[in-house]
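Residue 2 is where the sequence shown starts when you use our numbering, and the numbers rise one by one after that.
Yeah, the Cβ is synthetic: ideal placement off N, Cα and C, and Gly gets one too.
If you're wondering where the values come from, they're calculated on a predicted model, not measured in any experiment.
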Amino acid sequence: MRGMIFCAGVGSRLRPFTDEHPKALYVVGGKPLLGWQLELLYRAGIREVVVNVHHFADQIEDYLRGRDSWCLDLSGMGMRVELSDERDCLLDTGGGLWRARDLLRGENVLACNVDILSTIDICRFVGVGSSLLDSGKVGVLVVSERKTSRYLVFDGSSLCGWTNIASGECRPRGIDIGSKRLLGFSGMQLLGSGIFDVMQEMCADGREVFSLIDLYVWMCSRGSYVGGLCSYEPCDYRMIDVGKTSELDSAELFVEKFLKKNL
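The following block contains the structure:
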């Protein structure tokens, strides 16, 4: 199994910091966001990780190669981190995963957004998720019951769509969400190696820029993939999106109260 951390985003909600730095290197709780995610993957037993880069990519490269004061000793941790370069074009999460496919070498992938911190028991998730992949699932998505405007729609534990309750948009078009479960997505998922076969089919028309949500909705619209994506709801789960300035003070408290005591 390999890990992937999505770090390419411009981070416009974190300005002015992101006017001169990548979002991935914003320091919270004494450590850059990318450092927190690398340690999370390390605790899951993952030693090979791909990081996609676009915005101030050189700074992330310097961080990973130990050329700044915040760096982790990756060699000491036994981790190998490879860059998936998107300097030419920002591809979003789905396009980013697709570009990195050769680096991920056809293995199962634990993928996460760099700006989401959580209390997830990562070892338990990987164990349960791997069993679900072995049973034929294509992907396992970490979700929770929380207030948001955008939800994944589940029929039981199987993903069947997406909705924005603020705008009324539903995808696939025409889906009836009345009797379905609406759960907030965490930005973390465990994907089977077969996801790249699915993506190859989706990208047959030459598309390059798309989100993982776009991919999942596309799968929901194809009868052959119904039931291929399922939910994982962690116990006692807390998460925070550090992608916007309004959450930065809360993020510091979150790290002190929940994350540091688990390290």
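Discussion item. Rounding to the nearest angstrom, what Cα-Cα distance links PHE211 and THR94 in this structure?
Written reply: The alpha-carbon atoms of PHE211 and THR94 are separated by roughly 7 Å.
Worksheet item: From what residue to what residue does the alpha helix (DSSP H) around LEU105 run?
Response: 102-105
Worksheet item: With distances taken from CA atoms, which of ASP250, ASP237, MET2 is nearest VAL50?
Response: MET2
Worksheet item: If you draw a straight line from the C-alpha of CYS221 to the C-alpha of VAL127, how long is it?
Response: CYS221 and VAL127: Cα-Cα distance of roughly 24 Å.
Worksheet entry | Residues that ASP156 bridges to, as DSSP identifies them | SER159
Worksheet entry | Coil, strand or helix - LYS1 by DSSP | This structure cannot speak to residue 1, because the chain is shown only from 2 to 264.
Discussion item. Going residue by residue through the segment 194-251, where are the continuous alpha helix (DSSP H) segments of at least 4 residues, counting only ones entirely within it?
Written reply: 196-203, 213-221
Fill in: Spatial neighbours of MET203 in its chain, beta-carbon cut-off 7 Å, leaving aside the 5 residues before and after
LEU216, TRP219
Practice prompt. Flag LEU153 as yes if its beta-carbon sits less than 8 Å from any beta-carbon of chain C, otherwise no.
Written response: No chain C appears in this structure, which consists of one protein chain only.
Discussion item. Which residue marks the beginning of the alpha helix (DSSP H) containing ALA58, and which one marks its end?
Written reply: 58-65
Discussion item. Assuming ARG182 and ASN165 are in contact, meaning their beta carbons sit under 8 Å apart, how far apart are those beta carbons, in whole angstroms?
Written reply: Not really, about 16 Å apart at Cβ, beyond 8 Å.
Fill in: Residues near GLU234 by beta carbon distance below 7 Å, same chain, minus five either side
VAL144, SER145
Worksheet item: In chain order, which continuous runs of the beta strand (DSSP E) of length 3 or greater are located wholly inside the segment 86-151?
Response: Here the runs fully enclosed are 110-114, 117-119, 140-145.
Worksheet item: Can you list, in chain order, the residues of its chain whose CB lies under 7 Å from that of VAL255, leaving out five sequence neighbours each side?
Response: Going by the sequence as given, residue 255 is Phe instead of Val. Cβ within range, chain order: LEU118, ILE241.
Discussion item. Quick check: what's the CA-CA separation for GLU209 versus PHE57?
Written reply: 21 Å
Worksheet entry | Distance between beta carbons of GLY67 and LYS261, contact taken as under 8 Å | Incorrect: roughly 23 Å between the Cβ atoms, too far for contact.
Worksheet item: Thinking C-alpha only, which one of TYR226, PHE186, SER168, PHE197 is nearest TRP99?
Response: PHE197
Item to complete: Helix, strand or coil for LYS181, going by three-state DSSP, please let me know.
Response: coil
Discussion item. Tell me the rounded alpha-carbon separation between THR120 and PHE259.
Written reply: 7 Å
Item to complete: Reducing DSSP to helix, strand and coil, say where ARG81 ends up.
Response: strand
Worksheet item: To the nearest angstrom, how far is it from the Cα of ASP20 to the Cα of SER85?
Response: 22 Å
Discussion item. Quick check on ARG172: does DSSP put it in helix, strand or coil?
Written reply: strand
Item to complete: Consider the C-beta atom of LEU92 and the heavy atoms of the ligand NAP; say whether any pair is separated by less than 7 Å.
Response: The model on display carries no ligand, and the ligand NAP is accordingly not part of it.
Worksheet entry | Continuous alpha helix (DSSP H) stretch holding GLU21: start and end | Taken as a continuous stretch (DSSP letters only), GLU21 belongs to no alpha helix (DSSP H), as it is neither H nor E.
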